[in-house]
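**Student:** Per this note's numbering, the very first residue in the sequence shown carries number 3; after that it's consecutive.
Beta carbons: idealized from backbone N, C-alpha and C, even for Gly.
My questions all concern the structure below.
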Amino acid sequence: MFPALSQSRSNSAQNPVEISGEPRHHPKFENEYVRIWDVTVPAGDVTLWHAHRNDNVVVSFGDVKLRIETLGRDPVEGPWKFGEVRFSKATYVHRAMNVGTTAFRNFTIELLKAPGGANL
């Protein structure tokens, strides 16, 4: 059911890829303050285990049901709604399983540096 599981047998929570190596994350924009990834996970698909090394904001572009597995935490399964915005503090390793019937699309916006030079 989940094609990514067979794509990389060596991929695991203990051996994640960097976000740039996760095939469903596509770079869209970057400046000194943010890096934006365009992410699409088709229905029935799963991302590779990957690391988020920067705090980030995720903006969802559709209604979908996801199962999120994060290293060191219990899995979470539930709905994501169109226009929903979520913040996550780095660093974490996870994968997302689309257990719904529609594609999951989002922009993941990594926060690299605050304007004015303040650290994030």
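(1) Whole angstroms is fine: what's the gap from Gly80's alpha carbon to Lys67's?
(2) So the beta strand (DSSP E) Asn33 belongs to, where does it begin and stop?
(3) Applying the 10 Å Cβ sphere with the 16-neighbour rule, what's the burial state of Glu32?
(4) Could you tell me whether the segment 81 to 95 touches the segment 21 to 30, where touching means 3 or more Cβ pairs closer than 8 Å?
(5) Would you mind sorting Pro5 into buried or exposed? The rule is 16 or more other CB atoms within 10 Å of its CB.
(6) Would Ala105 and Thr42 be called neighbours here (beta carbons separated by less than 8 Å)?
(7) Does the beta-carbon of Asn100 have 16 or more other beta-carbons within 10 angstroms, so that it is buried, or is it exposed?
(8) I think Ile111 touches Val59, with their Cβ atoms under 8 Å apart; what is that distance to the nearest whole Å?
(9) Residues in its own chain within less than 8 Å of Ser14 by CB, not counting five upstream and five downstream?
**Tutor:** Working from what's here:
(1) In the sequence shown, counting from the first residue as 1, residue 80 sits at position 78. In the sequence shown, counting from the first residue as 1, residue 67 sits at position 65. Straight-line measurement puts the Cα of Lys67 at about 5 Å from the Cα of Gly80.
(2) Counting from 1 along the sequence shown, the entry for residue 33 is found at position 31. Taken as a continuous stretch (DSSP letters only), Asn33 belongs to no beta strand (DSSP E), as it is neither H nor E.
(3) Within the sequence shown, residue 32 is the residue found at index 30, counting from 1. Around the C-beta of Glu32, fewer than 16 other C-beta atoms lie within 10 Å, and the residue is accordingly described as exposed.
(4) The segment 81 to 95 makes no contact with the segment 21 to 30: fewer than 3 CB pairs, one atom from each, lie closer than 8 Å.
(5) The count along the sequence shown starts at 1 and reaches residue 5 at position 3. With a pLDDT of only 48 at Pro5, under 50, the local geometry of the prediction cannot be trusted, and no value is derived from it.
(6) The residue given as residue 105 occupies position 103 in the sequence shown. The residue given as residue 42 occupies position 40 in the sequence shown. One thing to note: Ala105 has its Cβ within 8 Å of the Cβ of Thr42.
(7) Taking the sequence shown and counting its residues from 1, the one referred to as residue 100 is at position 98. Classification of Asn100: buried, given that the 10 Å Cβ count is 16 or more.
(8) As a working note, residue 111 is residue 109 in the sequence shown. As a working note, residue 59 is residue 57 in the sequence shown. Their Cβ separation, rounded to whole angstroms, is 5 Å, which keeps Ile111 and Val59 in contact under 8 Å.
(9) To locate residue 14, count along the sequence shown from 1; it is residue 12. Excluding residues within five positions, the ones whose Cβ falls inside 8 Å are Trp51.
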